[in-house]
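Here this note's numbering is used: the first residue of the sequence shown is 1, the next is one more, and so on. A short write-up of the structure that comes next.
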Amino acid sequence: MTTKEIQIHDKSFYPFISESEIMTSVKTLAKALEKDYEGKDLLLIAILNGAFMFASDIMKCIQRDAEISFVKVSSYKGTQTSGRVDELIGLNNNMENRHVVILEDIVDTGITIDKVISLINANDPASVEVCTLLYKPEAYKGKHKPKYIGFEIPNKFVVGYGLDYNELGRNLKELYQLKEE
Ligand code: IMP
Numbered sequence: 001m002t003t004k005e006i007q008i009h010d011k012s013f014y015p016f017i018s019e020s021e022i023m024t025s026v027k028t029l030a031k032a033l034e035k036d037y038e039g040k041d042l043l044l045i046a047i048l049n050g051a052f053m054f055a056s057d058i059m060k061c062i063q064r065d066a067e068i069s070f071v072k073v074s075s076y077k078g079t080q081t082s083g084r085v086d087e088l089i090g091l092n093n094n095m096e097n098r099h100v101v102i103l104e105d106i107v108d109t110g111i112t113i114d115k116v117i118s119l120i121n122a123n124d125p126a127s128v129e130v131c132t133l134l135y136k137p138e139a140y141k142g143k144h145k146p147k148y149i150g151f152e153i154p155n156k157f158v159v160g161y162g163l164d165y166n167e168l169g170r171n172l173k174e175l176y177q178l179k180e181e
């Protein structure tokens, strides 16, 4: 892993979690899912954009049948109400009586995952759990703490391995943390 700091847009970032540390964690999470969902109908749902790299690697490590779907959370203003309406774009799978595991790159405040869980629950799955590579306990205010967590990290901005800073940095193989000025 490079020890050099990098520049993305106007910010500097330090190397934080190496590619091999990420892969060790991904393998551990895949093994845990294999064990816990043995004999069960497993449906993975990955949240785009950030989770694409994590979802790809975890899929390659799961040595059993597993279906995957990629969804995007979209918020829009309802025409009749003043409130915001959320929907999951790309959710076409039948979930009734199936065991759903949501794949996230990072759970920060937990707002996104809470929304996704309530939208998925409307489809009557047998169970829903969250598997996230990164979790920021100090920022978390949600109702559903992820069951499967790769790394608990401090409340600092990170990029790489699918996560972006203003759309750049997603292609980095390792994770970088924002350098405080
Ligand atoms: P939450 O709703 O606050 O839990 O976070 C939702 C989304 O914010 C995540 O899925 C990421 O896309 C983004 N996010 C949160 N923290 C970071 C970070 O440190 N780096 C990059 N994106 C982040």
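Where a beta carbon is used, it is the ideal one built from N, C-alpha and C, also for glycine.
(message) Assuming VAL128 and ASN121 are in contact, meaning their beta carbons sit under 8 Å apart, how far apart are those beta carbons, in whole angstroms?
(response) 6 Å
(message) Which residue wins for smallest C-alpha separation from ALA139, given the options GLY90, ILE111 and ALA126?
(response) That would be ILE111, whose Cα lies nearest to the Cα of ALA139.
(message) Which residue wins for smallest C-alpha separation from GLN63, given the options VAL73, LYS72, PHE70 and GLU38?
(response) Put simply, of VAL73, LYS72, PHE70 and GLU38 the residue whose alpha carbon is nearest the alpha carbon of GLN63 is GLU38.
(message) Measuring only the C-alpha atoms, how far is LEU163 from GLU34?
(response) Rounded to whole angstroms, LEU163 to GLU34 spans 26 Å at the Cα level.
(message) Could you compute how far the alpha carbon of TYR161 sits from the alpha carbon of ASN97?
(response) TYR161 and ASN97 have their C-alpha atoms roughly 32 Å apart.
(request) Would you kindly work out how many angstroms separate the C-alpha atoms of PHE52 and GLU167, rounded to a whole number? (result) 14 Å
(message) Any heavy atom of the ligand IMP closer than 6 Å to the beta-carbon of GLY162?
(response) no
(request) Report the residue ranges of all alpha helix (DSSP H) runs contained in full by the segment 105-174; include only those spanning at least 4 residues, in chain order. (result) Counting only runs of 4 or more, we get 111-121.
(request) Return helix, strand or coil for SER18, following the three-state DSSP convention. (result) coil
(request) Compute the Euclidean distance between the alpha carbons of GLY90 and LYS11, then round it to the nearest angstrom. (result) 33 Å
(message) Taking contact to mean 3 or more Cβ pairs, one atom from each stretch, closer than 8 Å, check whether the segment 56-70 and the segment 140-154 are in contact.
(response) no
(message) Could you tell me the alpha carbon to alpha carbon distance between PRO125 and ARG170, rounded to whole angstroms?
(response) 31 Å
(message) For the ligand IMP, is there any heavy atom lying closer than 6 Å to the beta carbon of PHE157?
(response) yes
(message) At a threshold of 6 Å, does THR132 count as lining the ligand IMP (C-beta to nearest heavy atom)?
(response) no
(request) Please classify GLU104: is it buried, with 16 or more other beta-carbons within 10 angstroms of its beta-carbon, or exposed? (result) Buried: at least 16 other Cβ atoms inside 10 Å.
(message) For GLU21 and SER56, I'd like the C-alpha separation in whole angstroms.
(response) Rounded to whole angstroms, GLU21 to SER56 spans 16 Å at the Cα level.
(message) Any heavy atom of the ligand IMP inside 6 Å of the beta-carbon of ASP108?
(response) yes
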